[in-house]
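Shown next, in structure tokens, is the structure this report addresses.
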Amino acid sequence: MKLQITRLRVEQLRRFRAPLELGGFEPGLNILAAPNEAGKSTLVRAIRAAFFERHRSTAVEDLRPWGEGSGAAPLVELDFLLDGQDHRLVKSFLGKKRCTLAAGARAFDGTDAEDHLAQLFGFSFAGKGASKPENWGIPGLLWVEQGRGQELDVSHARDHLHDALRDPDGDSAAALAASGGDAILDSLRAQRDELLTSTGKPRAAHAEAIAQVAALEAELGAIDAQVATYRQQVDQLAQMRQQHQADEMAKPWEALREELLAAQRRNGALQAGQEQLRNDRARWRQLQETRELLAKELAGLAHQQAEAQTRERACQEAATQLQDSDAAVAHARQNAAEAQRRVDGARDAWRSASQEAQRRNLGQLLQQAQADAARSAESLARAEEAHARLAALQAAAAAAPKIRAGDVEQLQKLERAEHDADLRRQAVATRLQFVLPEGQTLELQARDQTHGLHGQGERLIDAPATLRLPGGGKLVITPGGDDLVTLARSHADARDALHAALLSLGVDDIAQARSRLGASADLDAQIKLAQQALGIVAPRGLEALRGELAQAQSRIATAQAACERLPVAAAESALSIEDAESAQQAAAAAEQAAQKSLADAQRRQSAAQEASASALRELAAAQAALADPGRQQRHAQATQQWLAVGAEAEALTARIDQTHADVQAARPDIVLQDMDRLQRSIEQLTRSHQLRREQLLLLENTLQQAGAQGLEEQKEALAGQLMQARRRHAELQRRADALALLCHKLEQKRQATLARLQAPLQSRMQHYLPLLMPGATVQMDADLAPATLTRINGSGAAESGQLQELSFGAREQLRLISRFAYADLLQEAGRPTLLILDDALVHSDAPRLAQMKRALFDAAQRHQVLLFTCHPEHWRDMGVALRSLA
Amino acid sequence: MTRFLHSADWQIGRQFATFDPEHAPILAEARITVVERLAALATEHRVDAVLVAGDVFDVQTVSERTLRRLFNALSGYAGPWLVIPGNHDAALAESVWTRAERLGVVPPNVHALLVPEVRVFESQGFAVLPAPLTQRHTYNDLTAWFDAAETPAGMLRIGLAHGSVQGLLAEDIDSANPIAPDRASTARLDYLALGDWHGCKRIDARTWYAGTPEPDRFKDNGAGQALLIDIAEPGAEPQVTPLAVASFRWQSIAAVLQVPSDGHALIAQLEHLNSQDVADLHVRGQVDVAGLQRLQAAIGRAEARSRHLQVDLSALRLVPTDEDIAGLQADGYLGEVVQELRDAQASPDSPEARVAQDALALLAAELAQRAPAADFAQARKP
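The listed protein sequences derive, respectively, from chains A and B.
Just so we're aligned: 558 in numbering that gives the first Met the number 0 is position 559 of the first sequence, and the numbers increase by one with no gaps anywhere.
Just so we're aligned: 55 in numbering that gives the first Met the number 0 is position 56 of the second sequence, and the numbers increase by one with no gaps anywhere.
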């Protein structure tokens, strides 16, 4: 519904005592610029009062013109076009309370007019008193009072907005079901939160119900256990009673006592038997001893008898032996003599053999000695020869003058020195060469020497020399050079030295020295050879050889002497000395043996004699004993006793065996065990019987006490409580589940609807928002007011913040463009939309203000805007003329 | 002419703890009260003896007070009370009977027959052959010795046993111990008084179950009675007269709701419950919102009126009709949620269906509360 205010007239309204009329309003933007205190806000108030305040309202005192009394009647007239139809609203207050509305052909009066207006424009009237924000509805949203632009309370116009946001074909599914839906949701939520925590866990009564169930279950479990124990004990009681009863009847220990007595009797019998056995055995042992003694005695007697016989035999034997030994002695003596003879023979043989051997030996010796002597003589001769030779050589060597190699070397050295000195001299010396014809001779006089020169040759002149020329002239040659003298001297020294050496050595020249050296060397060599030869022949020396020779000769003499001493050789005895020796040894051994056996035989003989004598003595004694008269008697006695004892022993043995067998068969050890076992069993049975009696008393007592507790009644009561607790829990659970499901579904749906609902609003916001903040988006909250702003910050990331936290200026801007969006939506829904901005955007900086003006201009294409400002300079670029209030 | 009163299965000591704590004591008390009534009846009808065929007590360890109260309740009849232990109160080495003996609460006219041997009551002219249970679990026929038992000539042979007659009562029987179905004839009994089956039941002319005098189960099997037996002479057929002695009526109501009229019928039934009724209600099927509200209201009223009413609606599906949904005035996303919850109940047995049903019920309740606020939605339209 397109709304356009065309004319406004106020009278007797605050400062406007006289009427003020403004007409010619534009369908879009209208800017009224006036200084402060010019009455801009009064006009806004007038418009608001014309709509919001009942004409009969008493809360409009502020409209009264200043200083006027009760007669004042503030008047407001408003002409507007609504969808092309003329409307005129005339309202006066206080002094004259009137209201008329002419809507085309229709006329409304008073309250009807006001109600019609309210319905048209989407607001309501206060019940009594002044009109309040909750009454202002759509106009309250779109008419921004001074300094209130940054606030935005959509709640009072929300239903209108909801209606506006509904689908055009009125599809109820897309609309939020009034505010009733939210109230229902809140109520259900509250009910749910009574039973569940925010995370869906049971709480309060619900949790208590669960706890109660658990507690009762535990109690019931405990009681069940007690009942079970009780029953078990009852059963135990029955069993024990039965057993006790049985034992009381049967008295098993009695039977055992009988058995025990029997066993004891048996034991007694057995013990008696054993006693007897012991006695018998003792007696039997006694008898055995007696028997032994008797046996000994009898044996002794018998022994005597035997003894005598033995002695006799021994006597005989001894005699026999004596005879034997005598014979043996004779025999042995014979043997000994024989052996002696043999020994002697052997000795003789040996002697002759040895003599023969000796003889041979000596012969050999002699031969050998002779050979040795010959050899020695030969050697000696050779050795002497060598020796002589050697001596000759040595004499020669001694005779020869000695010269050493060193000396020769020294000579050589000196010769060389001399030679060098000579050369040096010669080099320096003046050389005089001469070639003289035959027969010519020159005289050279130098150093007081005169030399005759002839033929060809050269002379060194190293000292002033005079050469006499034939014919009486002379040449005096004085060699040059300083050191010529020195050199000559040195040369002379050297020569002297050499001569001295030669002299000392006794040679004429070096050659001689050398040859002498050589000769001496040869001589030495020869001497060595001769020595060697001597050594070979006479290693130990001549004397040794001589000695040997002498020895050999003496040996010869000895051997010969010995040979002579030897007796004449016997013709026989071809025995070798070894054979003879061995034979002799054998014979000697045999002789010894024979002697020994003779000695043995003699000893045996004497022993036999001794034995024979003693045997005879013993025989005599034994026979004497036998003849003893008492002996017979003793023998008879002993024999008798022996028999008696034997019989008794036999009888006793039989009885013992019998008794023993009996006792063994009766197993006394087992009988003892039986007694022990029975004794213990009896004890045990009586004791356990007694114990059981005590236990029965105890159990009966326990059961009496337990029975008195009325356990099963308690259990039933508990079971009942548990069942009810469970039922309550189930109910609460069901309720909680249902509430949770319901809340969940409702919230889900509501959210979805809200999102759908907000879509058109969101898109209208996005129409304006980029003009102010490019790239930003704003999210509406459930109340359809802008809540969150999301912008791209410097680094390109999106950051969100609450609108509430923005600055004053930004809030005013955002909330203003929200109103533009609301106005667009409301207009689409067919609502009249008029925007009144009283002194808006005063806190916006220049760039933002420019942006807002663009948005405002755009909005003004669709809605009539009345903009009141005291800053006309800010609003010159809006494409409309600024009006003043004149 | 000998006259007996036959009862059994008193189950004294039963607490009904699963019931509401307000009702349970009353029901427990009723069990003692009915014994007093039995005593009064016995005196009124001048019976020669009262036969109690087992399960006098529900558990062995009843409280001392209960014990005393029970034996006090017997004081209304001075003649012999012949009691045998059943499976709940078997004569074990230590049992409720030994406790009672120790406490000295057993009056002299109360004969607890704890051993299986003949007891002769000369002056009354009968011999009783009891088959007491002496073990916690018995699997053999304890009445077998009846056949060979001798009683003095000219006396009635009365059998007293506790167990299940072979071949006749297969299900729901308490104990295992069997009783031959022809025991009365093989043992030449004039009457065999049985216990264990809680309903009053005739086995044959001489063999009866008296049932429990005060019902304790919802199953309707003729419980709440005692039997008056008249036997003219040994060998004569007994004349058996059931007497109603119970205080309360126990019943089980199983309802299936398919159409709204089923709900009405059920509600009518519920309206008839009074303070004598102990009822167990199981409802299954489906119901709409209004139907459920009506049903719940009726249940509330019936609960207040009856002695005890326990209700199980778990198998009842809440299926809101379209009108219900429209009536909820749930538009927008609320409506969508309602639809989803309805769809989730498509498979009725899954746990999701249960939760969805509960959720829908909650949502419906909320919406119903807020119905007045919905007129604002109407005012908006231009």
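Cβ coordinates follow ideal geometry from the N, Cα and C atoms, glycine included.
For W142(A) and R790(A), the gap between their C-alpha atoms comes out near 28 Å. At a cut-off of 7 Å, the C-beta of A204(A) has no neighbouring C-beta in chain B.
In the DSSP assignment, W207(B) falls within the beta strand (DSSP E) that extends over T206 to Y208. The Cβ neighbour count for I228(B), taken over all protein chains shown within 10 Å, is at least 16; the residue is labelled buried. A27(B) and D215(B) have their C-alpha atoms roughly 9 Å apart.
With a cutoff of 7 Å on beta-carbon distance, L81(B) and H110(B) are scored as near each other. Put simply, of G540(A), V226(A) and P566(A) the residue whose alpha carbon is nearest the alpha carbon of T701(A) is V226(A).
By alpha-carbon distance to G829(A), the top candidate from L81(A), I576(A), D656(A) and R616(A) is L81(A).
T97(B) sits away from D47(B), with the two beta carbons spaced by 7 Å or more. Between L300(A) and H659(A), the beta carbon gap of about 36 Å keeps them out of contact (Cβ cut-off 8 Å). Within the segment 714-727 of chain A, the residues whose Cβ lies closer than 7 Å to any Cβ of chain B are, in chain order, E715, A716, A718, G719, Q720 and M722. Not a single unbroken stretch of the alpha helix (DSSP H) spanning 4 or more residues falls wholly within the segment 420-457 of chain A. Here T133(B) is near A90(B), since their CB atoms are less than 7 Å apart. Within the segment 70-103 of chain B, those residues whose Cβ lies closer than 7 Å to any Cβ of chain A are, in chain order, L91, A92, E93, R98 and R101. Setting aside the 5 residues that flank it on each side, S324(A) is surrounded in the same chain by A600, R603, Q604 and A607, each with a C-beta closer than 7 Å to its C-beta; the list follows chain order. Sequence-ordered contacts of the segment 174-194 of chain B with chain A are nonexistent [C-beta pairs closer than 9 Å]. Contacts between S346(B) and chain A, judged by CB atoms closer than 9 Å, are missing: the closest CB pair is about 16 Å apart. Measuring C-alpha to C-alpha distances from Q801(A) to each of D780(A), A820(A) and S817(A) identifies D780(A) as the nearest. Counting the other Cβ atoms within 10 Å of the Cβ of A355(B) gives 16 or more, which makes it buried. A check of alpha carbon separations from Q704(A) across V61(B), Q165(B), S313(B) and S122(B) identifies V61(B) as the nearest. For S62(B), the chain A residues whose C-beta falls within less than 9 Å of its own C-beta are A707, Q708, G709, E712 and Q713, listed in chain order. Contact between R187(B) and R156(B) holds: CB atoms are separated by about 6 Å, below the 8 Å threshold. Looking only at E253(A), M722(A) and A589(A), the smallest Cα-Cα distance to R340(A) is reached by A589(A).
Residue pairing by DSSP places I4(A) opposite F79(A) in a beta bridge.
When Cβ-Cβ separations below 7 Å define contact, Q14(B) makes contact with chain A.
Assignment of Q583(A) by DSSP, reduced to helix, strand and coil, places it in the helix class. L756(A): member of the alpha helix (DSSP H) spanning L710 to L771, first to last residue. If you draw a straight line from the Cα of Q232(A) to the Cα of L738(A), it is about 51 Å long. Of all alpha-carbon atoms in H870(A), L443(A), A849(A) and L824(A), the one lying nearest the alpha-carbon of L140(A) is that of L824(A). In the DSSP secondary-structure assignment, D111(A) is not bridged to any residue. For L783(A), the closest Cβ of chain B is not nearer than 7 Å. Check the Cα spacing between C562(A) and each of E355(A), L260(A) and Q235(A): the tightest is with E355(A). Identification of residues in the segment 127-159 of chain B having a C-beta nearer than 8 Å to some C-beta of chain A yields R135, given in sequence order. Counting only runs that start and end inside the segment 219-248 of chain B, the beta strand (DSSP E) elements of at least 3 residues fall at 224-230 and 238-243. Against chain B, the beta carbon of V233(A) has neighbours under 9 Å at Q59, L91, A92, E93, S94 and R135, listed in chain order.
Any Cβ of chain A closer than 7 Å to the Cβ of T17(B) would place that residue at the interface, and such an atom is present.
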